[in-house]
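Numbering (the working numbering), first residue to last: 11 to 134.
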């Protein structure tokens, strides 16, 4: 395993661990739009080839609910993460692709799709 893939894996593992440890019984994101809006904090992205790496401590993620799915629109030229489906009573999504945690004040993302990696640790 090369160094980049090792770093990505360890980053996702760390974020997943943080998400599991910080799970709470806050509002259900599938029931209301209280989670829709802009979260500010650190965001990051790496493309599949490793040619593009964007990371900033002063970024933002705008969460948009579209039907039963969510779109995460990142700042700083980071591509959007679209079509994420969360089940009812699930404020934490943990899948083979990574993890996403949403509550009224916090958004944490560690997600890998098609060898692209998105990260966020943001608050409102």
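Note that the Cβ used here is the ideal one computed from N, Cα and C, for glycine as well.
Source: prediction; values computed, not measured.
In the DSSP assignment, the residues bridged to residue 122 are 127.
Residue 91 is a Cβ neighbour of residue 128, given a cutoff of 8 Å.
Non-local C-beta neighbours of residue 62 in its own chain, meaning closer than 8 Å and more than five positions away in sequence, comprise 55 and 56, ordered along the chain.
Rounded to whole angstroms, residue 120 and residue 134 show a C-alpha spacing of 18 Å. Residue 78 sits in coil when the DSSP states are folded into three classes, being neither helix nor strand.
DSSP places residue 53 inside the beta strand (DSSP E), whose first and last residues are 47-56. Residue 131 is classed as buried because its beta carbon has at least 16 other beta carbons within 10 Å across all chains shown. For the 8 Å CB-CB criterion, residue 65 and residue 85 do not form a contact. Straight across, the Cα-Cα distance linking residue 50 with residue 115 is about 10 Å. Residue 93: member of the beta strand (DSSP E) spanning 91-95, first to last residue. Excluding five sequence positions before and after residue 126, the CB atoms of its chain that fall closer than 6 Å to its own CB belong to 57 and 58, given in chain order.
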